Structure formats: structure tokens, C-alpha cells
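Q: First residue of the sequence shown: 15, per my numbering; consecutive thereafter.
A virtual CB, placed ideally from N, CA and C, is assigned to each residue, including glycine.
For clarity, every value in this text was computed on a predicted model and none was experimentally measured.
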Amino acid sequence: MRHLFLLFSLTFSTLVYAQKTLQEIRAEENLFIMKLIGIVVLILIAMPFALRKFRSNYNESQAEYRPPFHEVQQPKEEKKKKKKEEPQEEEEKVVDPVDAALERLFNEHKIPQEKRESLSPVYRHYIELKMGKIEVSTGSFDINTVFDKVMTRVHTLESDRNFEIVFDIDAAVPSQLIGDAERMEETLFYLIQNIVLKSSSYLIELQIKRLNMGDGALHLEIYIPYDKDNFQEEKLDIFTPFVEGTTASGLELYLAKEYARLMHGDITFEPYNDNDSAFMVTMKLYMPNPSEMRHYRLPSKTMINHTILIVDDHAESALAIKKMFEYFKNEVEVLSSKELFSALEMLDDYDIVVLQERFFSKQLIAKVEKIKSERVLKTVSLNRTEMFEHTDTGITNVLDAELAKPVTVQKIFDLLVSLYQEK
15 MRHLFLLFSL
25 TFSTLVYAQK
35 TLQEIRAEEN
45 LFIMKLIGIV
55 VLILIAMPFA
65 LRKFRSNYNE
75 SQAEYRPPFH
85 EVQQPKEEKK
95 KKKKEEPQEE
105 EEKVVDPVDA
115 ALERLFNEHK
125 IPQEKRESLS
135 PVYRHYIELK
145 MGKIEVSTGS
155 FDINTVFDKV
165 MTRVHTLESD
175 RNFEIVFDID
185 AAVPSQLIGD
195 AERMEETLFY
205 LIQNIVLKSS
215 SYLIELQIKR
225 LNMGDGALHL
235 EIYIPYDKDN
245 FQEEKLDIFT
255 PFVEGTTASG
265 LELYLAKEYA
275 RLMHGDITFE
285 PYNDNDSAFM
295 VTMKLYMPNP
305 SEMRHYRLPS
315 KTMINHTILI
325 VDDHAESALA
335 IKKMFEYFKN
345 EVEVLSSKEL
355 FSALEMLDDY
365 DIVVLQERFF
375 SKQLIAKVEK
385 IKSERVLKTV
395 SLNRTEMFEH
405 TDTGITNVLD
415 AELAKPVTVQ
425 KIFDLLVSLY
435 QEK
């Protein structure tokens, strides 16, 4: 019994002690948890104040070291500038293939820099043709305007050369046409310029005729007589493109021929009038009104049926102008200067007198003044070019009008209108 009592007492004591120990542990745990909760609460309470303080200190430090405004903006501006420049740099990298080929051609043939600007149009057209970049356009145009532009360009480039160009235009050639006026101008310009450069003749005549093809289409034929020996000496195909020193004459005939082909025509070099040769230019064009038979109509009958005298020592030029006046139902006579001055009294027989500018002598001026005092006489100066200008007041006082070579039907039309229109 005693042992049982001791075992019971020991067990009870152990249990009491264990319970007491457990209570102490729980109390400590609870105290620790309470302390931890308290610490967390204090941290949460203090955090807003700490964050506010930190922000304040940060702003103060930034204010102390803030860079100037232009330094802040500079990176942004540089970025914008860089973005703007990037497309330009990309565009600069794109090289026009025609420009690149033109530069190579100049370098290959060692064309000096000072010559390149004047030669650039011819060489550029040559390259564009080779690359297939030239196309024919279609529009209505006045053939006389094309002739005038061609002559202006030729005289501008070759103003120091003594030459004369004559247009012998058939009356059946209409003034208004449909086709590529620019290509026609380039064809004639390159051809005539090449002839002027290589010909020793002072006179270049263009005989212009028309061939009907039906459906409003016509073939325009232009014959240009030329001394074939000039080309035979070169011993080459004259239409083969080649570079000739620092000139473009080796390309002009090639360009003229290719442009004519673009207009469904051609340029050939063939026998003409037995002993001579001629360039023959053909091109296909259209008429706005195929049924129209008369292409120039003067506004008044007072402008037709006049007696006209032409004094021009260049027979080809005088005969071509004669045909144009006759188109408007005038009676026309051609004399040389020698024939005129041998009998000035014959001036009394004419309504209009057309004389080369160099024939206005004091004797002739006196005769013209006398006739004008008695009746109506129209006096016209036939000038070498549009750029010619009379400086002698004695001559200008007796002049009614001036007519510049090369003469076209349109110029004759305008002349008659200006002489007889009501003022």
C-alpha cells in the first residue's frame, strides 16, 4: 500500500508540475506573441511618417543636383533630330540609276567637269533610252510652235555660226496635229544641230510633206538635203552611238533616229536628186479633223489677193516663202537684190514688199517714203533670226512689220493679219 501511495503521490506531483510548466510555457508564448503584435503595430504606425520623411529628403537632394533645363531637353531634342534625319539618310542612300550611269559614262570617257553640265541632257536622254525609260505621250499641238522651238534652240547653241534654215512646208500639212510634240521637237533638234555642226553649207532646207494613211492618221515626211561626203569620210554607221571627245555629236543622230521610231517613223540617209543625199524623217501623227482641207483661214477678205514682191538672194528661202504667200491667194514675184536696184520704180506695182534687212539702203528708203506718201504700201523686213533688231531709225520709220526666218505658214498668217486688221 505504501508503494502504491508513493507511486500515486509521485504521479500526481509529476502531473501538477507538468501542468504548471505548461502554463508557464503558454504564458511565455502568449507574452511573446503579444510583444510581436505590438512591434508590428508600432511599425505600421511609424511607416507613413518614415515614408514621408524619406520622400522629403529625396526631393531636397534632387533639388540640390537638378541639371539646367537645356541639358534636360537636349537628349529629347537629339532623339527627335535623329528620328528626322534617319529617313533623309535612307533617302540619300537611294541613288537614281540614270544618275549613276551618267556619272559612270562621264568618268569612263574622261569628260571634264566644266563640260558635263552642257552635255548632261544629251547623255541623259541616251541613258534613258537604253534603260527604256522614255515613252511617247499623245496630245494636240501646233506644228509651227514645234518648228519655232527647234530653231530657237539651234540658234541659241550655234549663234556664232553663219547658217540659215528654210522651212519648205507643203500647203497640205495641217497646223494642228495629235502626237508627241516633245519627241518631235527633240528629233528635229538633234538632227538639225548635228547637221549644223558638221555641214559647211550656210543653208539647211527642210522640205515637209504629208502622206495620208487613213483613219485620221498621216505620215509626215521631212527631207533635209545634205552633202553625203561629210559622213562617208567618217567610215562608220552614222546612226551608231559613239562618244566623240567632249562633244555629244556622236549621240545626236542616234537619239533622233530612236525618237522617230518611238513615233512609228524612222530616219534614213539616202540618195536625193542624183548627186546629193538627204536625211528623210518620217513620223506618224493624227489630225483632229481629218475632213478639214484648208488649215489656215484669214479673218477678212482684205487680207488676201495682194500683189507681193519678195527680195531675197537665197533662192531656196525666197521660193519657200513665195509658196506660203500664195497659199493665201496672193500673186507673188521673187527678185534678187541686183534686179531690184536696177529698177526701183517697179516697187510701184506691189501692195506688199518683203526685203532682206540688209537691202534697206538710203536710196530704197527714199523711194518707199515717196510711194507711201501717194498710196498704201506695206513694207516688211525679212530678218535672219528672231533676235535681229534694226537700229537705224530711217529704216524703222518706213517699216510696217518684220518677218523672221525661218518662215512658217503660221508666221505668214500672223503677218497678213497684223498688216490689214482694223485698228
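Where does the unbroken beta strand (DSSP E) through F293 begin, and where does it stop?
A: Element bounds for F293: D290 to Y300.
Q: Which runs of the beta strand (DSSP E) fall wholly inside the stretch 143–174 and span at least 3 residues, in chain order?
A: Qualifying beta strand (DSSP E) stretches, in chain order: 153–156.
Q: Are the CB atoms of I192 and P302 nearer to each other than 9 Å?
A: Yes, they are a contact pair.
Q: Rank L323, S351, I385 and L267 by C-alpha distance to the C-alpha of L211 and give the top, closest one.
A: Selected option, being the one with the closest Cα: L267.
Q: Between I281 and L205, how many whole angstroms is the CB-CB distance? I'm expecting something under 8 Å.
A: Contact flag correct, Cβ pair sits at about 7 Å.
Q: From the DSSP secondary-structure annotation, give me the bridge partner or partners of E416.
A: Bridge partners of E416: S395.
Q: Report buried or exposed for M145, applying the criterion of at least 16 other Cβ atoms within 10 angstroms of its Cβ.
A: That one is exposed.
Q: What number of angstroms, rounded off, separates the C-alpha of V150 from the C-alpha of K298?
A: Their Cα atoms are separated by approximately 12 Å.
Q: Do V180 and E219 have their C-beta atoms closer together than 9 Å?
A: Contact: yes.
Q: Using C-beta distances below 6 Å, list every residue in its chain close to I183, excluding the 5 sequence neighbours before and after it, in chain order.
A: These residues qualify, in order along the chain: I222 and V423.
Q: According to DSSP, is V367 part of a helix, a strand, or is it coil?
A: If DSSP states are grouped into helix, strand and coil, V367 belongs with the strands.
Q: DSSP three-state call for D280: helix, strand or coil?
A: If DSSP states are grouped into helix, strand and coil, D280 belongs with the strands.
Q: Within the same chain, show all residues whose beta-carbon is closer than 8 Å to that of Y341, passing over the 5 residues directly before and after it, in chain order.
A: Counting only Cβ-Cβ distances below 8 Å, and skipping sequence neighbours, we find A185, Y310, V423 and I426.
Q: For Y204, which three-state DSSP category applies?
A: DSSP places Y204 in helix when its eight states are reduced to three.
Q: Out of M294, N158 and V394, which has the shortest C-alpha to C-alpha gap to R275?
A: Of the listed residues, the one whose Cα sits closest to R275 is M294.
Q: What's the call for N208, buried or exposed, on a 16-neighbour Cβ count within 10 Å?
A: N208 comes out buried.
Q: Pairs of beta-carbons, one from the stretch 330–348 and one from the stretch 376–391, closer than 8 Å: are there three or more?
A: Touching, no, given that fewer than three Cβ pairs across the two stretches are closer than 8 Å.
Q: For Q435, does the three-state DSSP call read helix, strand or coil?
A: Coil at Q435, not helix or strand.
Q: Excluding the 5 residues preceding and the 5 following P188 in the sequence, name in chain order all residues of the same chain whose CB lies nearer than 6 Å to its CB.
A: Hits under 6 Å: M301 and H309.
Q: Give a yes or no on whether the C-beta atoms belonging to S351 and E178 are separated by under 9 Å.
A: It is not a contact, given that the beta carbons lie outside the stated cut-off.
Q: Looking only at its own chain, which residues have a Cβ that is under 6 Å from the Cβ of T321, when we skip the five neighbours before and after it?
A: If we look at T321 and ignore the five residues flanking it on each side, its Cβ neighbours are E345, Y364 and D365.
Q: Measure the Cβ-Cβ separation of A292 and Y240 and say whether it is below 9 Å.
A: It is a contact, given that the beta carbons lie within the stated cut-off.
Q: Give the range of the alpha helix (DSSP H) segment to which A332 is assigned.
A: Counting along the chain, the alpha helix (DSSP H) containing A332 begins and ends at A329 to Y341.
Q: Does DSSP put V136 in a helix, in a strand, or in coil?
A: In the structure shown, V136 sits in a helix (DSSP, three-state: H, G or I).
Q: If you follow the alpha helix (DSSP H) that T410 is part of, which residue opens it and which one closes it?
A: Taken as a continuous stretch (DSSP letters only), the alpha helix (DSSP H) holding T410 covers T407 to T410.
Q: Would you list the residues sitting across from R224 in a DSSP beta bridge?
A: Answer by DSSP bridge pairing, in chain order: L234.
Q: Looking only at its own chain, which residues have a Cβ that is under 7 Å from the Cβ of L430, when we skip the five neighbours before and after it?
A: So the list reads L312, M317 and F342, once near-sequence residues are dropped.
Q: Helix, strand or coil for F427? Go by DSSP, reduced to three states.
A: F427 falls in the helix class under three-state DSSP.
Q: What's the C-alpha gap between N226 and R175?
A: Roughly 37 Å between the two C-alpha positions.
Q: Just tell me which of L354, D428, A415 and D113 has its CA closest to the CA of N440.
A: Outside the shown range of the chain (15 to 437) lies residue 440, about which nothing can therefore be said.
Q: Out of V368, F374, S387 and F402, which has the shortest C-alpha to C-alpha gap to F394?
A: Per the sequence presented here, residue 394 reads as Val, with Phe not at that position. The shortest Cα separation from V394 among V368, F374, S387 and F402 belongs to V368.
Q: Measuring alpha carbon to alpha carbon, tell me which residue in Y273, E272, E306 and I252 is nearest F283.
A: Selected option, being the one with the closest Cα: I252.
Q: In the DSSP output, which residue or residues are listed as bridge partners for I218?
A: Answer is I179.
Q: Looking at I199: is its Cβ nearer than 9 Å to the Cβ of V168?
A: Note that residue 199 is Glu in the sequence shown here, rather than Ile. Taking 9 Å as the Cβ cut-off, E199 and V168 do not qualify as a contacting pair.
Q: Helix, strand or coil for P126, going by three-state DSSP, please let me know.
A: Coil.
Q: Less than 8 Å between the CB atoms is what I'm expecting for T152 and D194, so what's the real figure, rounded?
A: Right, the Cβ-Cβ distance comes to about 6 Å (below 8 Å), so this counts as a contact.
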